[in-house]
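Just so we're aligned: the sequence shown equals residues 0 to 388 in numbering that gives the first Met the number 0. The beta-carbon is built from N, C-alpha and C at its ideal position, and this holds for glycine as well.
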Amino acid sequence: MAQTGTIVDRGLEGVVVNHTNLSNVEGQIGRLTYRGYDINELAPNACFEEVCHLLLFGQLPTTKELSSIKTRLATRRMLPEPLLNGMLRLPLTAWPMDVLRTIVSGLALFSPVNPHGEHVSDENTAIELIAQVPTIVAAWDRIRRGLEPIEPRHDLSQAANFLYMRTGKVPDEIHQTALDTYLVLLADHSFNASTFSARVTASTRADIYAAVTSAVATLEGDLHGGAPSKVMTMLLEIGKPKRSETYVRQLLARGERVMGMGHREYKVRDPRAQHLEKMAKALGGAEDRRWYQIARALEDAASKVLHEEKPGRPIYANVEFYTAPTLYSLGIPSDEFTCVFACGRIAGWTAHILEQLKDNRLIRPQATYSGPEVHTFVPIEARGNGKHP
């Protein structure tokens, strides 16, 4: 029997569960800030390493501090040899996010512990995880293609090194800038599902590896980090910009969603979308530009058709929408999009985990019971072999 008189907020929409100093999502006006800095200023002006410093240490770095965090990241990119060797033995058909989740968890096996046998969850561990997640993703990309993993370089940025580890070639400036901008835009987003999952795990006093593993697992879902690959599927199926409106109408007629459109928090256009749209457009070459053109036509068609069906309820592209043409134009296959998402969001995850641990309280919500009334127990001998009452 359901309990009465209790308000149930399924999905926790609008429910405030804690404070955070890390990022602020102002959905009504379409503003996202990291520690008070507008994403519209950070995206074109700050590199990913600066944003990592901002999230972990509370302020934008000085020149000396930026050099320090770049060095700390660059010198921690190598994976433990047993883990890398283990990746070589995995089935080549293994889903990239499954591999990422597994190897992130495995990193705990090689982490130093304190005198109490506990893993240390601090800024050093956070920096190590930020450095190593892209190495895992790039290494598996090559292994699954039958190629040898490439060792990371110490003289490249996070974005440039990731692209280098995939191809063996140092990327040109536009490719570096496009990925770096993406990582900045995806670094944090308040209490999104994966970040909240990480904080729930951390609140039990589990270590940072357990919390990040929880976040990676949560990110995989189609309603969170898995959305961009679905957007790319749509772009591939459409094939040409002029087919977009027909495609949207057929999609909605089947009762399916236009992936990458709409957002739980934003009532206007996702502020991150405009920056990724610029990156998708800037990535040169006729083949690359093609995906931007289809995406632009699809967004226009989706907005038009959805407005016809639900007047007064405008729907806009979110960050996942232009993630698809941007990453695909960088040569990243769609089933690795969510892994690259993790390469940026790891900065926010680790910062949130450390914030949770500084003023911790176990996150333990309640549920309203909606099952049957209390029953009298009947021994097995008295239940017989007939139907249940």
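Ala350 in three-state terms, based on DSSP: helix
I'd like to confirm the pairing. Which residues does DSSP put opposite Thr32 in its beta bridges? Asn23 and Asp37
Supposed contact pair Ser189 and Asn23 - C-beta distance, whole angstroms, cut 8 Å: 7 Å
Count Cβ pairs between the region 87 to 94 and the region 368 to 382 that sit closer than 8 Å; are there 3 or more? no
Is the Cβ-Cβ distance between Phe47 and Gln157 less than 7 Å? yes
Which runs of the alpha helix (DSSP H), 4 residues or longer, sit entirely within the region 232 to 293? 243 to 252 and 270 to 281
Among the residues of its own chain, which have a CB less than 6 Å from the CB of Gly438, if the five just before and after it don't count? There is simply no residue 438 to check, as the chain begins at 0 and stops at 388 in what is shown.
When you compare only the Cα positions, how much space is there between Asp187 and Arg144? 31 Å
Across which residues does DSSP place Ala316 in a beta bridge pair? Met260
Relative to the alpha-carbon of Arg152, which residue among Leu146, Met164, Ile142 and Arg141 has its alpha-carbon at the smallest distance? Met164
Candidates Glu264, Gly238, Leu21 and Thr232: which alpha carbon is nearest Thr322's? Thr232
Is it true that the CB of Tyr291 sits closer than 7 Å to the CB of Pro270? no
Using CA atoms only, rank isn't needed, just tell me which of Asn39, Glu276 and Leu222 is closest to Val257. Leu222
I need the DSSP call for His174, collapsed to helix, strand or coil. helix
State the Cα-Cα distance for the pair Thr134 and Phe161, rounded to the nearest angstrom. 7 Å
Of the residues Pro170, Leu91, Ala209 and His18, the one placed nearest Glu147, counting alpha carbons only: Leu91
Can you list, in chain order, the residues of its chain whose CB lies under 7 Å from that of Thr217, leaving out five sequence neighbours each side? Ala192, Ser193, Ser196 and His223
Considering only DSSP beta bridges, list what Val112 is partnered with. His118
What is the DSSP secondary structure of Asn359, counted as helix, strand or coil? coil
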